[in-house]
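Numbering-wise, the sequence shown is residues 0 to 247 according to numbering that gives the first Met the number 0.
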Amino acid sequence: MLKLEKIEKAAELIRTAKYAVAFTGAGISVESGIPPFRGANGLWNKHDPIFVEIEYFHKKPLESWKKIKHVFYDMFDQAQPNPAHIALAKMEKRGFIESIITQNIDNLHQKAGSKYVYELHGTSRTLSCIECSTEYELNFVDLNFLPPTCYICKGILKPDIVFFNEKIPAFALKRSTEESLKADVFIIIGTNAEVLPAADIPVKAKENGAIIIEINIQESHFTDTITDVFIKGKASEIMEKIATYLYL
Ligand code: NAD
0 MLKLEKIEKA AELIRTAKYA VAFTGAGISV ESGIPPFRGA NGLWNKHDPI
50 FVEIEYFHKK PLESWKKIKH VFYDMFDQAQ PNPAHIALAK MEKRGFIESI
100 ITQNIDNLHQ KAGSKYVYEL HGTSRTLSCI ECSTEYELNF VDLNFLPPTC
150 YICKGILKPD IVFFNEKIPA FALKRSTEES LKADVFIIIG TNAEVLPAAD
200 IPVKAKENGA IIIEINIQES HFTDTITDVF IKGKASEIME KIATYLYL
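This is how it looks when you write it as structure tokens:
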């Protein structure tokens, strides 16, 4: 099938779906200027991932925070939603998709206007005190003084992103699982989903009968196993075209 035919088919599946859900990973934000973790231009080629290990954070909070600020705040703050995030937000508004399950922590789906976003790996938008658990919106925290501390108990603040060796937020995991089981069309965009339990969510949707559409610049381990319609290409280009077919 030609690429344009696949795009048209995907749009038709989404248009006629009873309950379509999107599942996104680092690839959807690459064209917003945020590199993925792995691969030639990946973050882990430039930075040792030890700074997001929870044990290291507790042992050396200042060292960890210097990197966190540079990677997750200075870089992410400048990023803006690209046409793929915008297409998904429009699709939700017009009732073509119900929700987005994301592994991203960059807040770009919300910036684009999406309302039902389940963040499996947490978010950089809020921070919590490691002593008393008070939660702070980023706007209330001054990152010019590191490590940032709690106004109430002076404990160190940690971004609410899931560090290595930390648990996935229970609410996001529960809602993501529920959404995957309700879906009759499931759209995977820009992810290898190599880490459990995220990797299992599209599999659950498939086992429950959902049709799987996948968009990626290259094949992932989903492509030959659960994907029904694979569209090779950049997320922004493909999602913009799908949105056009849906008259968005
Ligand atoms: P990954 O880095 O393992 O893989 C990225 C995927 O995106 C690959 O399959 C790649 O082929 C694809 N891709 C790259 N550019 C693309 C494009 N323009 N259009 C479509 N697809 C493209 O990322 P992952 O599988 O999502 O998971 C790894 C972890 O990385 C997750 O836990 C996530 O939290 C984290 N992460 C998040 C961000 C972010 O918030 N933007 C950035 C880096 C890493």
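Glycine included, every Cβ here is placed at the ideal spot set by N, Cα and C.
Taking a cut-off of 8 Å on C-beta distances, the segment 146-156 does not touch the segment 25-41, as fewer than three cross pairs fall below it. For Y244, the enclosing alpha helix (DSSP H) begins and ends at 234-244.
Under the three-state reduction of DSSP, D47 is assigned to coil, being neither helix nor strand. Nearest C-alpha to H57 among D47, F163, A204: F163. With respect to the 8 Å criterion, K114 and E136 are not classified as neighbours on the basis of their beta carbons. With respect to A19, A198 sits apart: the two C-beta atoms are not nearer than 8 Å.
In this structure N40 is exposed. Its beta-carbon is surrounded by fewer than 16 other beta-carbon atoms within 10 angstroms. Cα atoms of K240 and K59: separation of roughly 47 Å, rounded to the nearest angstrom. In the DSSP assignment, L119 falls outside any beta strand (DSSP E) and carries neither an H nor an E. DSSP assignment within the segment 163-203 yields the following whole beta strand (DSSP E) runs of 3 residues or more, N-terminal first: 184-188.
By the 16-neighbour rule on beta-carbons within 10 angstroms, F185 is buried. In the three-state scheme derived from DSSP, where H, G and I count as helix and E and B as strand, L156 is classed as strand. When secondary structure is reduced to three states using DSSP, S63 falls in the helix class. Under the 10 Å beta carbon count, Q102 is surrounded by 16 or more other beta carbons and is classified as buried.
Sorting E52, E54, N106 by C-alpha distance to the C-alpha of A78 places N106 at the top.
In this model, C131 and P158 are separated by some 14 Å (Cα to Cα). N215 carries a strand assignment under DSSP once its states are collapsed to helix, strand and coil.
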